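Colleague: For the sequence shown, the working numbering gives the first residue as 554, with consecutive numbering after it.
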Amino acid sequence: MPLISPAASWLAVVARVGSIRKAAAQLNVSPSAVNRQMLKLEAEYGAELFERLPRGLRPTAAGRVLVAEIERWQQEHDRAVRTLAELRNHVRGHAAVGLMESIAGQMVGGLTIALREQHVQLSLDVTIAGTERLCELLLAGKLELAICYAVPRRPDIQFLSRLPPRSGIVVAHDHALAGRKSVRLADCAAYSFVFPDASLTVRPLIEKAFRRQGIHPPNTVTTNSIDVMKTLVREQGQVAWLSYYDVHAEVLEGTFAYLPIADRQVAGTSLSLIARKHAPLSPVAALVAKHLRDQLQRLASG
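Shown next as structure tokens:
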């Protein structure tokens, strides 16, 4: 017996497509059968679940509440089925992870190597987004783990690992500033900067620091892409304000120089591995979390 009734599943389909007939076609059943189930649900819950419009159906407030719960049940049911299959070793494991663009390549590469060495078969979904979007997807049950900056403290988010802020100035290895052990923002005032846009959590900190010191770089580029920032630093001699964790690989290989900011009261943002607090990780997701935590610790000690 399925844990989620056919009527509940049909309700979610009707709400998504907005039509009894279209839902019936997708479900490969008759429209009358779908309609009977919708009427039965409305009778059971004592509320109209759909507005009957000339061109289809639209969920009422009660319908939206019920559909949201059904989708949550379906996500939890799918996760439970995957976990049971993993325990039986009949299928490969699966995990859904969210990452910031700047660290995605090294994290995914290191993860796949580590799991391959342990002979773990893994189906991995990787979503690249900013902190706000990753937290949203995590809490909606669409991600099991996420690594992002400046995670808000919420009762439904747990921190599995957290690295301290390490914001600094990043330049190419042959830049005039590259030989320094640290740098003040005033020392950078004459150089062209590439800045992250407002979608990245560090932008307000940068604006505050530059405004406090009255610094106005002569030329600036603003972008929402860390990769674009790195390209301009490497190829155009631009100066960037980034976290050490964003450029760890390039610093180790000698492409970039990372310079801690010597000014007092210059804040940074921490990098965290997070999960939902009240949703136990599947065995495979727990193994993925362990390897991601190990990689973060290597970043912190690098």
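Note that CB positions come from ideal geometry on N, CA and C, so glycine has one too. Treat the numbers as computed from the prediction; the structure is a model and nothing was measured.
Using the C-alpha atoms, what's the distance from P584 back to A578?
Modeller: Here residue 578 refers to the residue found at position 25 when the sequence shown is read from its first residue. Here residue 584 refers to the residue found at position 31 when the sequence shown is read from its first residue. Straight-line Cα distance between these residues: approximately 8 Å.
Colleague: Quickly, what does DSSP pair I700 with across the bridge? List them, please.
Modeller: The residue labelled residue 700 in the question sits at position 147 within the sequence shown. Paired residue(s): L652, L826.
Colleague: Report the rounded CA-to-CA distance for R503 versus V804, giving the unit in angstroms.
Modeller: Lying outside 554 to 855, the shown extent of the chain, residue 503 is not represented and no answer is given.
Colleague: For the beta strand (DSSP E) that contains T773, what are its first and last residues?
Modeller: Start at 1 with the first residue of the sequence shown, and residue 773 comes out as number 220. Here the beta strand (DSSP E) through T773 covers 773 to 776.
Colleague: If P771 and S745 are in contact, beta carbons under 8 Å, what's the gap, nearest whole angstrom?
Modeller: Translated into positions along the sequence shown, residue 771 becomes position 218. Translated into positions along the sequence shown, residue 745 becomes position 192. The pair is a contact, with the Cβ atoms about 6 Å apart (cut-off 8 Å).
Colleague: Evaluate the contact criterion for the region 832 to 852 versus the region 756 to 773: three or more CB pairs, one atom per stretch, below 8 Å.
Modeller: Touching, no.
Colleague: So is A666 buried or exposed if we call it buried at 16+ other beta carbons inside 10 Å?
Modeller: In the sequence shown, the residue the question calls residue 666 occupies position 113. In the sequence under discussion, the amino acid at residue 666 is Ile, which differs from the Ala named in the question. Counting Cβ neighbours within 10 Å, I666 comes out exposed, since fewer than 16 surround it.
Colleague: Considering Cα atoms alone, identify which of T808, R764, M782 is closest to V819.
Modeller: Position 266 of the sequence shown, counted from the start, is the residue given in the question as residue 819. Comparing Cα positions, the closest option is R764.
Colleague: Please work out which residues of its chain come closer than 6 Å, Cβ to Cβ, to S714, disregarding the five sequence neighbours upstream and downstream, and give them in chain order.
Modeller: Numbered from 1 along the sequence shown, position 161 holds the residue referred to as residue 714. If we look at S714 and ignore the five residues flanking it on each side, its Cβ neighbours are L826, R846, L849.
Colleague: Flag this pair as yes or no: are the beta carbons of V650 and L690 separated by less than 8 Å?
Modeller: Residue mapping note: residue 650 aligns to position 97 of the sequence shown, counting from 1. Residue mapping note: residue 690 aligns to position 137 of the sequence shown, counting from 1. Going by C-beta atoms, V650 is not nearer than 8 Å to L690.
Colleague: Under the three-state reduction of DSSP, which class applies to V747: helix, strand or coil?
Modeller: One-based indexing of the sequence shown puts residue 747 at position 194. Reduced to three states, the DSSP call for V747 is strand.
Colleague: Do the CB positions of G646 and Q628 come within less than 8 Å of each other?
Modeller: In the sequence shown, the residue the question calls residue 646 occupies position 93. In the sequence shown, the residue the question calls residue 628 occupies position 75. Cβ distance not < 8 Å, so G646 and Q628 don't count as in contact.
Colleague: Per DSSP, what are the beta-bridge partners of Y811 in this structure?
Modeller: Translated into the one-based positions of the sequence shown, residue 811 becomes position 258. Answer is V723.
Colleague: List the endpoints of the continuous alpha helix (DSSP H) containing E601.
Modeller: In the sequence shown, the residue the question calls residue 601 occupies position 48. Per DSSP, E601 belongs to no alpha helix (DSSP H) and is neither H nor E.
Colleague: How should Y598 be labelled, buried or exposed, when 16 other C-beta atoms within 10 angstroms of its C-beta is the threshold for buried?
Modeller: The sequence position of residue 598 within the sequence shown is 45, counting from 1. Per the 10 Å Cβ criterion, exposed.
Colleague: Taking all protein chains shown into account, decide if A828 is buried (16 or more other Cβ within 10 angstroms of its Cβ) or exposed.
Modeller: Your numbering for residue 828 matches position 275 in the sequence shown. That one is buried.
Colleague: Whole angstroms are fine: how far does the CA of K830 sit from the CA of A815?
Modeller: Stepping through the sequence shown from its first residue, residue 815 is reached at position 262. Stepping through the sequence shown from its first residue, residue 830 is reached at position 277. Computed Cα separation, rounded: 37 Å.
Colleague: Does DSSP put H728 in a helix, in a strand, or in coil?
Modeller: Here residue 728 corresponds to residue number 175 of the sequence shown, with the count starting at 1. Note: H728 maps to coil in three-state DSSP.
Colleague: I'd like to know whether the C-beta atoms of L795 and V723 end up nearer to each other than 8 Å.
Modeller: Start at 1 with the first residue of the sequence shown, and residue 795 comes out as number 242. Start at 1 with the first residue of the sequence shown, and residue 723 comes out as number 170. Yes.
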